[in-house]
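The structure appears below as structure tokens.
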Amino acid sequence: MKVQNACYEKGNNVDGSPLLCNKKYYSYPIFNQNFFLWKVNCLNIIADGINVNDLFNISLSFIEFHSKFPLIENVNFFYKNEFKSFIYTLINEKVIKVKSNVIYLLTTPLWFKDYLSREVYQNKRAFKI
Numbered sequence: 002m003k004v005q006n007a008c009y010e011k012g013n014n015v016d017g018s019p020l021l022c023n024k025k026y027y028s029y030p031i032f033n034q035n036f037f038l039w040k041v042n043c044l045n046i047i048a049d050g051i052n053v054n055d056l057f058n059i060s061l062s063f064i065e066f067h068s069k070f071p072l073i074e075n076v077n078f079f080y081k082n083e084f085k086s087f088i089y090t091l092i093n094e095k096v097i098k099v100k101s102n103v104i105y106l107l108t109t110p111l112w113f114k115d116y117l118s119r120e121v122y123q124n125k126r127a128f129k130i
């Protein structure tokens, strides 16, 4: 609910999150749907001129991950690796560029009204390829 409320404040919807949040790739087994919400949250709070480390820290503080892995000594290590991977995805998709550890927005990822709008868009793209 916390992520959804933050999305609403910016006029976005978790169910209509950008397709970037669903990019399939290898991930650590400790991550579940919370990681999807974490990526949605990162995209929701990302702003032109934000420091990469600040974005990471804000995104971690927004959702309580640390209490979910009491047997993992340094869970931040895993989140930092996943965060880097997500940042590289955003760079490769030409959403952001990073210079001197500062994020510059090149474009805003496409947010959808809801899940159905997102699926319709994705299906149309699949047929054009």
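Position in the sequence shown counted from 1, then plus 1, gives you this note's numbering.
Where is the CB? At the ideal position from N, CA and C, for every residue including glycine.
| Asked | Found |
| --- | --- |
| I'd like to know whether the C-beta of Q5 is nearer than 8 Å to at least one C-beta of chain B. | Looking at the structure shown, chain B is missing, and only one protein chain is on hand. |
| I'd like the span of the beta strand (DSSP E) that includes V99, first residue to last. | 97-100 |
| How would you write the range of the beta strand (DSSP E) that L91 sits in, first residue to last? | No beta strand (DSSP E) contains L91, which is instead part of the alpha helix (DSSP H) from 76-93. |
| Alpha carbon to alpha carbon, how far is P110 from N45? | 10 Å |
| Less than 8 Å separating the beta-carbons of V41 and I88? | no |
| In the DSSP output, which residue or residues are listed as bridge partners for Y105? | K98 |
| Report yes or no: do three or more beta-carbon pairs, one from the segment 12-25 and one from the segment 110-119, lie closer than 8 Å? | yes |
| Quick check on DSSP: helix, strand or coil for N45? | helix |
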